[in-house]
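In what follows, a single structure is set out as structure tokens and then discussed.
Number of protein chains: 2
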Amino acid sequence: MAALFRSSLRLRPATRLSAVRTLTTTPHLRAAEKPYFPNEPSAPKLATAIPGPNNKAAAEKLDKVFDVRSLNMLTDYYKSTGNYIADLDGNVLLDVYAQIASIPVGYNNPHLRKVAESPEMITALINRPALGNFPSHDWAEILNTGILKAAPKGLDQVFTAMAGSDANETAYKAAFMYYRQRERGGPETEFTEQELESTMNNQSPGSPQLSIMSFKSAFHGRLFGSLSTTRSKPIHKLDIPAFDWPQAPFPTLKYPLEEHVQENAQEEQRCLQETERLIKEWHNPVAAVVVEPIQSEGGDNHASPAFFRGLREITKRNNVLFIVDEVQTGVGATGKFWAHDHWNLETPPDMVTFSKKAQTAGYYFGNPALRPNKPYRQFNTWMGDPARALIFRGIIEEIERLNLVENTAATGDYLFAGLERLAKQYPGHIQNLRGKGQGTFIAWDTPKRDEFLGKAKGVGVNIGGSGASAIRLRPMLIFQKHHADILLESVEKIIQQL
Amino acid sequence: MAALFRSSLRLRPATRLSAVRTLTTTPHLRAAEKPYFPNEPSAPKLATAIPGPNNKAAAEKLDKVFDVRSLNMLTDYYKSTGNYIADLDGNVLLDVYAQIASIPVGYNNPHLRKVAESPEMITALINRPALGNFPSHDWAEILNTGILKAAPKGLDQVFTAMAGSDANETAYKAAFMYYRQRERGGPETEFTEQELESTMNNQSPGSPQLSIMSFKSAFHGRLFGSLSTTRSKPIHKLDIPAFDWPQAPFPTLKYPLEEHVQENAQEEQRCLQETERLIKEWHNPVAAVVVEPIQSEGGDNHASPAFFRGLREITKRNNVLFIVDEVQTGVGATGKFWAHDHWNLETPPDMVTFSKKAQTAGYYFGNPALRPNKPYRQFNTWMGDPARALIFRGIIEEIERLNLVENTAATGDYLFAGLERLAKQYPGHIQNLRGKGQGTFIAWDTPKRDEFLGKAKGVGVNIGGSGASAIRLRPMLIFQKHHADILLESVEKIIQQL
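Protein sequences appear in the order of chains A and B.
The opening residue of the first sequence carries number 0 in numbering that gives the first Met the number 0; numbering runs sequentially from there.
The opening residue of the second sequence carries number 0 in numbering that gives the first Met the number 0; numbering runs sequentially from there.
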């Protein structure tokens, strides 16, 4: 399957801003840049204190039936456009959080609107198929022109899912079945009576005590299997039974990278060695290692391509599958279509999971032996949602048409340069700036993180955090340099208020 | 929240067919019955052997990228109407399987088409919100006029999910958090340092060794937590690590029920006693019991309302939550909106999970203490899909407008009477006929089950099985008596071919 975006390179080197704009200047378009959304606001608009009266009243109403303690803002999606999100009080904010990194091509994208109005969409919505049993006549075509068109290099098949958690868990299941099949002597070997009986009691050997290895601070989802690999924060895990699975150390790099080259290399070596030791010694044998290219919920923790190449080598050497969780990093945000495209792997990952910006979910794979040896082993009623698969196809078309991966690479470099300058100016507020050369997937630490986030809306920006002390930027792929200018100004404004 | 359908009663007593129609008669409408889909075919249409050449070619194409070993038939949804499903070769079958019991109001339902074309739908599709953080301005209204309008008695809140597995797993998570909160001494008690630390290593006490009890032959999903409560078939479970959770015996009733009243009552008593013993003695304390009103994937196993009332009593007595999994039974198919409406419980279930015919998923609850004590404990990026929530609202509107729960109750009685007559005529082929008074949620055992299913398409019917030897009927809610006539004829035709 052709993967159109895998070799997308950043076309333009980082362009330096001559100076961060003064706070009062209304940003305007750079001459060279054509806006993707001509009808976007030119700047955020603040009409009330946030939350305003309408948002407060609506939250109270919603609270009666739905937990609103995690509410960030009630949103008027009809009035949201491109990179700008609108609340119910006339406030319009530059959105660099984008539905927890999941909106790729802008609110009310006109091309996606056409997709939403298409006959294919209508039938997918009202005649929802059980995809494993009764796929539509054009399901192969929808896959080939959509989900699979964006498939990572070397992976030409997909198991479709609903969201990040079940994408990861079905990948884990495939890994366990593959592991046991190899132990058993191949796909033709039948299950033993003992396996058939013990599995009905959740006991070994039918339900074997195997494990998935993940990394400290990782986030892979919140259902029982995925949560057992999630190691981000106690609040995600407390009170929920978990499998006795191992966690390897993830490198803690020092910034700026160019000043800590040797130290960081040593740290990565230490983590790789410990990873391999755990694979060899963990009491519940490891069927697969799962890793995020950039640990996102866990605090935007990066590692070098060399680290991931080392991990790939270790997994191969130890006959363990290598699963790359691209739920948050995938679909262009790092300046490549898949973040693991930055690694130059010699052999591709065994499985790559996706969700969020894809607006649908699943795992890609290439090795035909990862299809379980019998039907109905990897199965569920819906196996995804073709309506959302059509939206992903529309997103891919929009990314192609507008060269949005390239845009994100270039805008990211521009934004990073501006943040570097701010970091020099405000070293107490912008620490461990990271994500250079990773598109707009940028983060930094700040001692007053929650206060920073609390003030962001007041300067017109919707922004999120990750981990304990990071500000994470997750703009859409249509985020351009003039948006970066506004963001840089806003960051400075917030810092000056702290 | 008003639950409009909870008291929906069967309006008409069972009407007896004078005789099952002869095989060659073209079925026609009964005078008294107005068809819901005026443009439906009047009978199945067979154009080729099934699968025909177009279906074979399409399957071969799909196989290259997607596992087709579970393929039943590639479907032309544009040509499917009401109760009739069309393949790619001109064959049109009466569909009493309905996408594994998940299509409720007919293929290409005109009202759902309007919903699919509405501005609310377009924005839900192209501006997909992270519902826990950025719900749309009208999310409370969408819930109140949709999902919550159908809420079971006593349950006025909902946590929205994507499909049956995560609906159940999030309910389990709520149960575990509730259990530990009670142990801890209430919602105000803070977590201990030991809990905060141990959970990051997947160890107790932070990740406690608690359990969910399910029943032998149960099916609750296929992700790691739900699969640990699934006890249907080895093929669903093999090679996947599972939690050490208990399974209680589910009653094995003898049919016809009226001839085995005392025996069956004793069997149910035995199961209840063993259930309570396991709750008291299982080494991993039981936080909740989960049960299907009718075990569906596991073979269409029924129990009496008295059994379920007993189960509710046991769970109350032992401070264990009672979760009713209505993923397959919910939304009208049993002749009540929720199957547990048949039980006349004194106190409602603690949680009721739904999916399939709702076309969206989640769990209902009433007790405010089932909202975890802190935000972000029960959370994920999308928390469901408003596009699918809008479809459910449309389905509810259609059920109301056409009185489809009443229709299903009446059609079910009519169909059951016809099957009883066939069972007398062919006692070797229709055994343990069950589902009387349960709408169209009807099943029977047959010794040549797979052969039976294999011949069904040849007589124009799409039909499914469950468990090892059951034929399960899962028609839509728009299944009427004239459809039942065709089905009864078809069943007889198949039997005569065996």
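Using N, Cα and C, we set each Cβ at its ideal position, and we do this for glycine too.
As the structure is a prediction and not an experimental result, all values here were calculated from the model.
Pull up the DSSP beta-bridge partners for residue i, would you.
| i | result |
| --- | --- |
| Leu93 of chain B | B:Tyr83 and B:Val460 |
| Met350 of chain A | A:Ile322 and A:Phe364 |
| Tyr254 of chain B | Per DSSP, none; premise fails for Tyr254 of chain B. |
| Phe158 of chain B | B:Tyr362 |
| Leu472 of chain B | B:Ile441 |
| His301 of chain B | B:Ile293 |
| Ser465 of chain A | A:Ala469 |
Let me know if residue i comes out buried or exposed under the rule of 16 or more other beta-carbons within 10 Å of its beta-carbon.
| i | result |
| --- | --- |
| Lys355 of chain A | buried |
| Ser117 of chain B | exposed |
| Asn372 of chain B | buried |
| Gln424 of chain A | exposed |
| Leu377 of chain B | The residue asked about is misnamed: residue 377 of chain B is Gln in this sequence, not Leu. Buried, because 16 or more other Cβ atoms sit within 10 Å of the Cβ of Gln377 of chain B. |
| Arg501 of chain A | Since the first and last residues shown for chain A are 0 and 497, residue 501 of chain A lies out of range. |
| Ala46 of chain B | exposed |
| His282 of chain A | exposed |
| Ala467 of chain A | exposed |
| Arg400 of chain A | exposed |
Do residue i and residue j have their C-beta atoms closer together than 8 Å?
| i | j | result |
| --- | --- | --- |
| Pro347 of chain A | Gly153 of chain A | yes |
| Gly329 of chain B | Ala360 of chain B | no |
| Glu275 of chain B | Asn317 of chain B | yes |
| Trp443 of chain A | Asn201 of chain B | no |
| Val285 of chain A | Gly334 of chain A | no |
| Ala166 of chain A | Val326 of chain A | yes |
| Arg433 of chain A | His301 of chain A | yes |
| His339 of chain A | Pro374 of chain A | no |
| Leu418 of chain A | Phe451 of chain A | no |
| Ile99 of chain A | Thr352 of chain B | no |
| Leu486 of chain A | Val460 of chain A | yes |
| Leu73 of chain A | Leu93 of chain A | no |
So, is the C-beta of residue i closer than 8 Å to a C-beta in chain B?
| i | result |
| --- | --- |
| Gly205 of chain A | yes |
| His136 of chain A | yes |
| Val289 of chain A | no |
| Leu209 of chain A | yes |
| Gly329 of chain A | no |
| Ala368 of chain A | no |
| Val351 of chain A | no |
| Met161 of chain A | yes |
| Met176 of chain A | yes |
| Arg400 of chain A | no |
Would DSSP call residue i helix, strand or coil?
| i | result |
| --- | --- |
| Thr229 of chain A | coil |
| Trp138 of chain B | helix |
| Asn431 of chain A | strand |
| His339 of chain A | helix |
| Ile211 of chain A | strand |
| His110 of chain A | helix |
| Gln246 of chain A | strand |
| Thr74 of chain A | strand |
| Ser101 of chain A | coil |
| Thr25 of chain A | Reliability of the predicted coordinates at Thr25 of chain A is poor, the pLDDT of 44 falling under 50, and no value is obtained from them. |
| Gly44 of chain A | One point to set straight first is that residue 44 of chain A is Lys, not Gly, in the sequence displayed. Strand at Lys44 of chain A. |
| Val490 of chain A | helix |
| Val288 of chain A | strand |
| Ala30 of chain B | Confidence at Ala30 of chain B is low in this model, with a pLDDT of 42, below 50, so its placement is unreliable and no value can be given for it. |
| Thr407 of chain B | helix |
| Met176 of chain A | helix |
| Ala123 of chain A | helix |
Should residue i be flagged as near chain A, meaning a C-beta pair shorter than 8 Å?
| i | result |
| --- | --- |
| Ser117 of chain B | no |
| Phe478 of chain B | no |
| Met72 of chain B | yes |
| Asn108 of chain B | yes |
| Leu3 of chain B | Only weak support is given to the placement of Leu3 of chain B: the predicted model assigns it a pLDDT of 45, under 50, and the value that follows is read from those uncertain coordinates. Chain A contact via Cβ: absent. |
| Thr14 of chain B | Residue confidence is low: Thr14 of chain B scores 33 on pLDDT, short of 50, so the model does not pin down where it sits. Its coordinate-derived value is still stated next. Not closer than 8 Å to any Cβ of chain A, the Cβ of Thr14 of chain B fails to qualify, so no. |
| Tyr425 of chain B | no |
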